[in-house]
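Undergrad: Numbering (our numbering), first residue to last: 5 to 218.
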């Protein structure tokens, strides 16, 4: 099996003076550029990225997934269904925490801080994306054991996978730090060989993670 190809880019045109719709469009366009970078690295620059009912469709055996916010965009492709998520490390509002974490998961995590919440939130998003289902299946996706505290930086070898399950089936999630963000990647079948395409660190300015509520 070839490796999974993962590309990160900074998100352009996110100034507050730009209309919200245009900022979202810029995020989507940058995510497609990240996918094209990953496809070029994989040796298939002609790859076509198509969705049906908002679910990414495979192309000649390649599967793909994207995630983006107002700082970074992430695109990945693999020879197996996959899902990725990218989030700023932030402790969200209590209502969202209640929706994302069940009682068993809160017991495994102990005190839920910004990093702990973001690890679970991104992991569940990645698993559900790989399965091609939406957040209506959120309660079917569960953490099965206490997470390893080891998190490596994007571009470095992965640490221990987060032990997730979806409908009783193992769905391990790889996670990486990237400045004040967390990246999550689930590949069905557990493929863990990654090839990264990363931006230059020059000009990058990010805040440190905070335990504030958004």
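Positions of the beta carbon are idealized from the N, C-alpha and C atoms, including for glycine.
1. Going by DSSP, name the residue or residues bridged to residue 169.
2. Near residue 160, what residues of its chain come up, given a Cβ to Cβ distance below 8 angstroms and the 5 sequence neighbours on each side ignored?
3. Whole alpha helix (DSSP H) runs in the stretch 42-119 with 4 or more residues, listed along the chain?
4. Helix, strand or coil: how does DSSP classify residue 137 here?
5. Under 7 angstroms Cβ to Cβ from residue 65, same chain only, skipping five residues before and after it: list those, please.
6. Could you give the DSSP three-state label for residue 155: helix, strand or coil?
7. Return no unless some Cβ of chain D is closer than 7 angstroms to the Cβ of residue 80.
8. Is there at least one non-hydrogen atom of the ligand NAD closer than 6 angstroms to the beta-carbon of residue 109?
9. Would you give the residue range spanned by the beta strand (DSSP E) that residue 191 belongs to?
10. In whole angstroms, give me the CA-to-CA distance for residue 201 and residue 143.
11. Evaluate residue 151 with the Cβ neighbour count: other Cβ atoms within 10 Å of its Cβ, from every protein chain shown; 16 or more gives buried, anything less gives exposed.
12. Compare the Cα-Cα distances from residue 59 to each of 156, 132 and 188 and report the closest residue.
13. Among 183, 187, 194 and 79, which has the Cα closest to the Cα of residue 174?
14. Would you tell me roughly how many angstroms separate the C-alpha atoms of residue 146 and residue 191, rounded to the nearest one?
15. What does the alpha-carbon distance come out to for the pair residue 44 and residue 149?
16. By the DSSP assignment, the beta strand (DSSP E) with residue 202 in it spans what residues?
17. Straight-line CA distance for residue 217 to residue 97?
18. Restricting to Cα atoms, I'd like to know which of 93, 88, 122 and 89 is closest to residue 104.
19. If you count every other CB in all the chains shown that lies within 10 Å of the CB of residue 126, and 16 or more means buried, which is it?
20. Which partner residues does residue 179 have in the DSSP bridge list?
TA: In short, the structure shows the following:
1. Here residue 169 refers to the residue found at position 165 when the chain shown is read from its first residue. Residue 169 pairs with 146 and 174.
2. Within the chain shown, residue 160 is the residue found at index 156, counting from 1. Around residue 160: 180.
3. 98-104 and 107-113
4. For the purposes of this step, residue 137 is identified with residue 133 of the chain shown, where counting begins at 1. Coil.
5. As a working note, residue 65 is residue 61 in the chain shown. Once the five neighbours on either side are set aside, the close Cβ partners of residue 65 are 83.
6. For the purposes of this step, residue 155 is identified with residue 151 of the chain shown, where counting begins at 1. If DSSP states are grouped into helix, strand and coil, residue 155 belongs with coil.
7. The structure shown contains no chain D; it is built from a single protein chain.
8. Judged by which ligands are present, the structure shown has none, so any question about the ligand NAD falls away.
9. The count along the chain shown starts at 1 and reaches residue 191 at position 187. Run containing residue 191: 185-191, per the beta strand (DSSP E) assignment.
10. Against the chain shown, residue 201 aligns to sequence position 197. Against the chain shown, residue 143 aligns to sequence position 139. Each residue's Cα considered, the two are about 33 angstroms apart.
11. Position 147 of the chain shown, counted from the start, is the residue given in the question as residue 151. It counts as buried.
12. For the purposes of this step, residue 59 is taken as the residue at position 55 of the chain shown. When only C-alpha atoms are compared, the closest one is 132.
13. Against the chain shown, residue 174 aligns to sequence position 170. For residue 174, the nearest C-alpha among the options comes from 194.
14. Taking the first residue of the chain shown as 1, we reach residue 146 at position 142. Taking the first residue of the chain shown as 1, we reach residue 191 at position 187. One C-alpha to the other measures close to 16 angstroms.
15. Sequence index remark: in the chain shown, residue 44 carries index 40 (1-based). Sequence index remark: in the chain shown, residue 149 carries index 145 (1-based). Roughly 37 angstroms between the two C-alpha positions.
16. Taking the chain shown and counting its residues from 1, one reaches residue 202 at position 198. That residue, residue 202, is in no beta strand (DSSP E); it is neither H nor E in DSSP.
17. If you number the chain shown from 1, residue 217 lands on position 213. If you number the chain shown from 1, residue 97 lands on position 93. In this prediction, residue 217 scores a pLDDT of 40, lower than 50, which makes its location untrustworthy; the coordinate-derived value is nonetheless stated afterwards. Each residue's Cα considered, the two are about 5 angstroms apart.
18. Counted from its first residue, the chain shown places residue 104 at position 100. Among 93, 88, 122 and 89, the Cα nearest to that of residue 104 is on 122.
19. If you number the chain shown from 1, residue 126 lands on position 122. Residue 126 should be labelled buried.
20. Numbered from its first residue, the chain shown carries residue 179 at position 175. Looking at the DSSP assignment, residue 179 forms a beta bridge with 188.
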